[in-house]
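J.: My questions all concern the structure below.
2 protein chains.
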Amino acid sequence: MKDLNVIDMLRLKAKYLDIEPRCPLVIMNTDDAKEIGANNADRVIVTFHRKSKIVIVETTDMLVAKGDVGLNRRAMKYGIKTGDMLHIDPTHKPSSVEYIKKKLKGIELTKKECECIIDDINDNKINDIELGAYVSSIYMHDFTDRELIYITRRMIDTGTTFRWKGNNVVDKHSIGGVPGNRVTPIIVAIAASCGLAMPKTSSRAITSPAGTADTLEVWCKVDLPVDKIRDMIDAVGGCFVWGGNMDIAPTDDKIIRGEYPLSVDPEGQLLASVMAKKAAMGAKAVVIDIPFGFESKVETLTKARSLAKRFKMLGKSLGMKIDCAVTRGEQPIGRGIGPVLECIDILSVLEGKGPKDLREKSLELSGILLKLTKKGDMKTAEDVLDSGMALKKFRDIVRMQEGNPDMNLKDLLGKNIRTIKANRSGKVTRIYNRRISRIARIAGAPKDIGSGIYMHVKIDDFVNKGDRLFDVYADKKFKLDHAIKICMEDFPVDVEDRDDILVEEI
Amino acid sequence: MKDLNVIDMLRLKAKYLDIEPRCPLVIMNTDDAKEIGANNADRVIVTFHRKSKIVIVETTDMLVAKGDVGLNRRAMKYGIKTGDMLHIDPTHKPSSVEYIKKKLKGIELTKKECECIIDDINDNKINDIELGAYVSSIYMHDFTDRELIYITRRMIDTGTTFRWKGNNVVDKHSIGGVPGNRVTPIIVAIAASCGLAMPKTSSRAITSPAGTADTLEVWCKVDLPVDKIRDMIDAVGGCFVWGGNMDIAPTDDKIIRGEYPLSVDPEGQLLASVMAKKAAMGAKAVVIDIPFGFESKVETLTKARSLAKRFKMLGKSLGMKIDCAVTRGEQPIGRGIGPVLECIDILSVLEGKGPKDLREKSLELSGILLKLTKKGDMKTAEDVLDSGMALKKFRDIVRMQEGNPDMNLKDLLGKNIRTIKANRSGKVTRIYNRRISRIARIAGAPKDIGSGIYMHVKIDDFVNKGDRLFDVYADKKFKLDHAIKICMEDFPVDVEDRDDILVEEI
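In order, the protein sequence lines correspond to chains A and B.
Sequential numbering from -13 applies to the first sequence in the numbering used here.
Sequential numbering from -13 applies to the second sequence in the numbering used here.
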């Protein structure tokens, strides 16, 4: 809290209200708000114990009485307790709103303006409508290189940053959109086995059937304190952490809140968010996995290449070595989609078995990290995997995170299963990532950890009528029924005879 | 409520929560929301008594227990009572979000797409972030003529529309931004005296020191039921109504909610909103007052002319006669700013006295309405005003709205007064509308009805050092002090000797 010039227009009694609209809020009686000329979604200065903070207002006629002021949990974090007397004053709109409008007009922002926007988003001074305008502005007028560097640097600075001894700290990021693409734990195990340090933070699913954190949570704790992460890097060279509580480039989560309803992920903001997190974690070498193709986030090879170029430019300006792997993303990687089903795939690869595509992709990306750090190449990665070293490393990490690597995963699978079979013979020509994800989510993933999809086929496989295409798993029967209904409406696998010109006669 | 295809994923008990975030909301326990894969700001289908409605979700950990669902007052309007069991199902994003993104890209929308956006905003299916994106899209890529017509027509259709006998129904709109510009009640009194019907709806202030509704509320009731409006038009030919509860182009208020935090008022949306309201009220002839100049909403004469042209185009497509009056807007109109102070000006003009600019402007705009309807001209308006007919009409209208036209306005003025004097001799070269408004608001207007500013000077007046420039009135002493402080920081009147090349030596 900063000391502000406060004129003490209203004095109200604090009252705790657990309502969680993702940012600190004061909830005022409409009459009290009018008294200081504040409308809904305006900001006020809240002063308590000679410290002041700018907070967004929500108004109510009855939930909060005149003379009281409701604070939600996030606002209460500032040390205010029920019954405390707060001073409430009106305040101006933050200047970042003007800069957002400038960007909307397509005018390049200065360093100071970029920093002000990031600061105000981070300090929760920007309301949802303004956040929607910010996201729209980047969606329409992508960052220039200069803006990109300013925004990324500021995103790093607004959170916790890690420093490590030595230059062997590596990281990895996959541009999302490909179901089942759970290469991360395998790469961490290989990299750590080769003497690299990989303090890996991952996210939970927002729209996908599982994030890496959701999947690894089947085995072990992923919400670790910072000290524990340092201990793990010292002891085993790697960890699997959920990044959500770690204050790493915290503005990112707040911006994602604005991107999510619009289903947009403007390229400039994606670059800034990814690289800010990697830089904040202290990574010196990073491999970026850019899957491209139908229904993955990047649709064409041209776009993948241009994105890779921008990653390398930004990495260079931050003093990091970046290599991008443009990969095929037109179908799921591995067989399982959903937390437990993905765990089964991961363990199978670590045990030297398939699925082949998951194994290959993990080895390729590990190889890039080893080359960047001059510790070897893909062959080194393969040796480490096939010797069982990576499996041992993985088990060590899971145990250090209070997990049990020997748990029986099959017992955790959803008990309601439906197998979907081919209704004609032919070649699998297309698998729809988004439909697969949607069905797995409706079946319960990621919340119901045993729910999801097990794929029996890949693109170009030949199937006979009645062959299994995929299984749907669900912990709860009614969710399975709903998932199957959606599956039949938007069938996720195309089987056709490619030699026929006539695809279908309707 | 429409019947939807519902699969009944969750059944929760309703609980009333008075929280008023301006649209219907269901507040779910975070765990219950996860159960159906819903995140904050997502939409769910709420089903009750076989009727379904799509509503936006807010999540909480404690305010609402698992198994309960909180509904705010607006959601409770759909007839749901505390204790009712509701079925909650996940649903898709509305398709209007895709159309908003299309407009963000600068692509012209089809009729269907325009209609879908207006419908979804009106049905509260659009969350704040999406609304911010909608406003941003219009701010950046103004409506084409076609879009403008589609949007306006749909805005009319989503609310109540009035039909009247005869073609003498007139209306008036001022593009805002000029403090004290309270011509409306005078024009209504004149028009009604000349046999025109003028069912005038007005708004309350959002960012100004008084809306017409705030000012007239000093005298009489302005929140009238629809039947009463019809009675008044039959009996006296005019009324002064607050439009906020009348369901006239109701989407407008929802869009304003998205414009307000960004302080933008995209021209296309302004045109659509104004004309939709006029058309819904059944007006056949409308005068649009377009003030232009420094610190008014339209800054240049060129922009004022182009806006006028678009108003006429849109009016024609709706079968209405439109005339636009481009007026000077670089300083306040009248002397008083704030509800009671404006009332004093209005009454003075109706009694045949000044302020001169308020009188002239009211007569000019009335004259245009009389010409459009072939009932006379400005001379007619002047006769009606000077004969006392307009004053009598005004008193009749106030009485029919349960008010007292004889109340002593001076008694209602704020008792804390400070006179601001010129600290040098010279000519008044500039009056800052925005600073005047801000000072009047901080002094308490419009909530404290006796607060505001009384202007002693106009631009080009010559003043001696020590002459009065303006008075600040406040009902509350601490608000006066704050207003004076802000006044001294951003002084709202420039006095200088225009003959000097050197303005100031610093």
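Where a beta carbon is used, it is the ideal one built from N, C-alpha and C, also for glycine.
Just so it is clear, the structure is predicted and the values come from calculations on it, not from any experiment.
Could you give the distance in angstroms between the alpha-carbon of Val481 (chain A) and the alpha-carbon of Asp343 (chain A)?
T.: If you take the alpha carbons of Val481 (chain A) and Asp343 (chain A), they lie about 21 Å apart.
J.: Indicate the three-state DSSP secondary structure (helix, strand or coil) for His127 (chain B) in the structure shown.
T.: Three-state result, His127 (chain B): coil.
J.: What's the gap between the Cα of Val204 (chain A) and the Cα of Ile93 (chain A)?
T.: Roughly 47 Å separates the two Cα atoms.
J.: Measuring CA to CA, which of B:Leu182, B:Ala376, B:Ile445, B:Tyr459 is closest to Ile439 (chain B)?
T.: Ile439 (chain B) has its Cα closest to that of B:Tyr459, out of B:Leu182, B:Ala376, B:Ile445, B:Tyr459.
J.: Within 10 angstroms of the Cβ of Ala221 (chain A), are there 16 or more other Cβ atoms? Answer buried if so, exposed if not.
T.: The residue in question, Ala221 (chain A), is exposed, as its Cβ has fewer than 16 Cβ neighbours within 10 Å.
J.: Between which two residues does the beta strand (DSSP E) holding Cys310 (chain B) run?
T.: Start and end: 307 to 314.
J.: Examine the Cβ distances between the segment 220 to 239 of chain A and the segment 142 to 154 of chain A and report whether three or more of them are shorter than 8 Å.
T.: Cβ pair count under 8 Å is three or more, so yes.
J.: Mind checking Lys302 (chain A): buried by the 16 CB within 10 Å criterion, or exposed?
T.: Under this definition Lys302 (chain A) is an exposed residue.
J.: I need the boundaries of the beta strand (DSSP E) containing Phe226 (chain B), first residue and last residue.
T.: That run of the beta strand (DSSP E) goes 224 to 228.
J.: Mind checking if Lys20 (chain A) is an interface residue toward chain B, Cβ cutoff 9 Å exclusive?
T.: Answer yes: the Cβ-Cβ gap between Lys20 (chain A) and chain B drops below 9 Å somewhere.
J.: Just grab the DSSP bridge partners of Phe278 (chain A) for me.
T.: Answer is A:Val284, A:Arg314.
J.: How would you write the range of the alpha helix (DSSP H) that Asp467 (chain B) sits in, first residue to last?
T.: Here the alpha helix (DSSP H) through Asp467 (chain B) covers 463 to 475.
J.: Given a cut-off of 9 Å, decide if Glu21 (chain B) and Lys433 (chain A) are closer than it, judged by their beta-carbon atoms.
T.: It is a contact, given that the beta carbons lie within the stated cut-off.
J.: Kindly list the residues whose CB is nearer than 8 Å to the CB of Thr187 (chain A), restricted to its own chain and excluding five residues on each side of it in sequence; keep chain order.
T.: Excluding residues within five positions, the ones whose Cβ falls inside 8 Å are Val227, Trp228, Gly229, Met232, Ile234, Lys263, Met267.
J.: Which residues of chain B have a Cβ atom closer than 9 Å to the Cβ of Leu117 (chain A), listed in chain order?
T.: Going along chain B in sequence order, the residues near Leu117 (chain A) (Cβ under 9 Å) are Asp114, Ile115, Gly118.
J.: Can you tell me whether Gly244 (chain B) is buried or exposed, with buried defined as 16 or more other CB within 10 angstroms of its CB?
T.: With 16 or more Cβ atoms within 10 Å of its Cβ, Gly244 (chain B) is classed as buried.
J.: Judging by CA-CA distance, which residue of A:Gly224, A:Gly223, A:His159, A:Leu256 is the nearest neighbour of Asp239 (chain A)?
T.: Selected option, being the one with the closest Cα: A:Leu256.
J.: Could you tell me which chain A residues have their CB closer than 7 Å to the CB of Tyr85 (chain B), listed as they occur along the chain?
T.: Going along chain A, no residue has its Cβ under 7 Å from Tyr85 (chain B), so there is no contact; the nearest lies around 12 Å.
J.: Does the CB of Arg404 (chain B) have a neighbour CB from chain A at under 9 Å?
T.: Not an interface residue.
J.: My assumption, with CB atoms under 8 Å, is that Ser423 (chain A) sits in contact with Pro195 (chain A). Please give the rounded CB distance.
T.: About 5 Å separates the two Cβ atoms, so the contact holds.
J.: Could you work out which residues of chain A lie near Met71 (chain B), taking near to mean beta carbons separated by less than 7 Å?
T.: Near Met71 (chain B) there are no residues of chain A at all, since even the closest Cβ is about 16 Å away, more than 7 Å.
J.: What are the complete beta strand (DSSP E) segments, minimum 3 residues, inside the segment 199 to 251 of chain A?
T.: As far as the segment 199 to 251 of chain A is concerned, its whole beta strand (DSSP E) runs of at least 3 residues are 224 to 228.
J.: Can you find a CB in chain A that lies within less than 9 Å of the CB of Ala199 (chain B)?
T.: Chain A, which has no Cβ nearer than 9 Å to the Cβ of Ala199 (chain B), makes this no.
J.: Which residue marks the beginning of the beta strand (DSSP E) containing Asn153 (chain B), and which one marks its end?
T.: Unbroken run through Asn153 (chain B): none, as it is neither H nor E.
J.: Mind checking which residues open and close the beta strand (DSSP E) that includes Thr366 (chain B)?
T.: Element bounds for Thr366 (chain B): not the beta strand (DSSP E) but the alpha helix (DSSP H), 364 to 372.
J.: So that I know if they touch, is there some Cβ in chain B lying closer than 9 Å to that of Leu(-10) (chain A)?
T.: Any reading at Leu(-10) (chain A) needs caution, since the residue's pLDDT is 49, under 50, leaving its predicted position unreliable; the model's value is listed next. Closer than 9 Å: no.
J.: If you measure beta-carbon to beta-carbon, which residues of the segment 232 to 250 of chain B are closer than 8 Å to chain A?
T.: Those residues of the segment 232 to 250 of chain B that come within reach of chain A (Cβ to Cβ, closer than 8 Å) are Arg243, Gly244, Tyr246, Pro247, Leu248, Ser249, Val250.
J.: Examine the Cβ distances between the segment 270 to 280 of chain A and the segment 103 to 111 of chain B and report whether three or more of them are shorter than 8 Å.
T.: No, the segment 270 to 280 of chain A is not in contact with the segment 103 to 111 of chain B.
J.: Tell me whether Leu287 (chain A) is buried or exposed, calling it buried when 16 or more other Cβ atoms sit within 10 Å of its Cβ.
T.: With fewer than 16 other Cβ atoms within 10 Å, it is exposed.
J.: At a CB-CB cut-off below 9 Å, which residues of chain A make contact with Lys270 (chain B)?
T.: Under the 9 Å cutoff, chain A gives no residues; its nearest Cβ is about 35 Å from Lys270 (chain B).
J.: Which residues share a DSSP beta bridge with Arg454 (chain A)?
T.: DSSP, once it has assigned bridges, lists A:Lys407 as partnering Arg454 (chain A).
J.: Could you list the residues in the segment 429 to 442 of chain B with a C-beta less than 7 Å from some C-beta on chain A, going in chain order?
T.: Residues passing the 7 Å Cβ filter: Lys433.
J.: Ends of the beta strand (DSSP E) at Thr33 (chain B)?
T.: Run containing Thr33 (chain B): 29 to 34, per the beta strand (DSSP E) assignment.
J.: Quick one: residues in its chain with C-beta nearer than 7 Å to the C-beta of Ala429 (chain A), no 5 flanking neighbours on either side, listed in chain order?
T.: Cβ neighbours of Ala429 (chain A) beyond the five flanking positions: Ser437, Gly438, Val458, Tyr459, Ala460, Lys465, Leu466, Ala469.
J.: Can the beta-carbon of Leu300 (chain A) be found closer than 9 Å to that of Thr96 (chain A)?
T.: Going by C-beta atoms, Leu300 (chain A) is not nearer than 9 Å to Thr96 (chain A).
J.: State whether the segment 122 to 137 of chain A contacts the segment 150 to 160 of chain A, with contact taken as three or more CB pairs (one from each stretch) at a distance under 8 Å.
T.: At 8 Å Cβ cutoff, the stretches do not touch.
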